[in-house]
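In the working numbering, the protein residues as written are 455 to 533.
Glycine included, C-beta positions come from ideal geometry on N, C-alpha and C.
So the structure is just underneath, and the comments pick up after that.
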């Protein structure tokens with residue numbers, strides 16, 4: 455569970471790997487209860503969240519993004 459602030463919606467996909475909510479105690483309570491009583495949803499959210507994190511926020515991805523940035527900057531400096 456998270457509120458929709460900063461880049462939270464990039465890290466956690468709403469209704470796929472968790473819930474991105476407006477700040478409301480009632481909404482949080484409802485979603486906590488839903489997750490506590492739905493083991494399949496909780497497992498699915500965990501698996502999807504882990505895959506999303508590994509694909510988008512791993513060290514390998516970070517290094518790849520930096521290499522691509524440096525390549526782009528080098529090619530622009532040659533122009």
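What does residue i pair with, by DSSP beta-bridge criteria?
i: residue 456; result: 474
i: residue 468; result: 472
Have a look at residue i and residue j and give me their C-alpha separation to the nearest angstrom.
i: residue 522; j: residue 464; result: 21 Å
i: residue 457; j: residue 532; result: 44 Å
i: residue 517; j: residue 474; result: 28 Å
i: residue 520; j: residue 487; result: 41 Å
Taking the beta carbon of residue i as the centre, do at least 16 other beta carbons fall within 10 Å, making it buried, or is it exposed?
i: residue 466; result: buried
i: residue 460; result: exposed
i: residue 500; result: exposed
i: residue 471; result: buried
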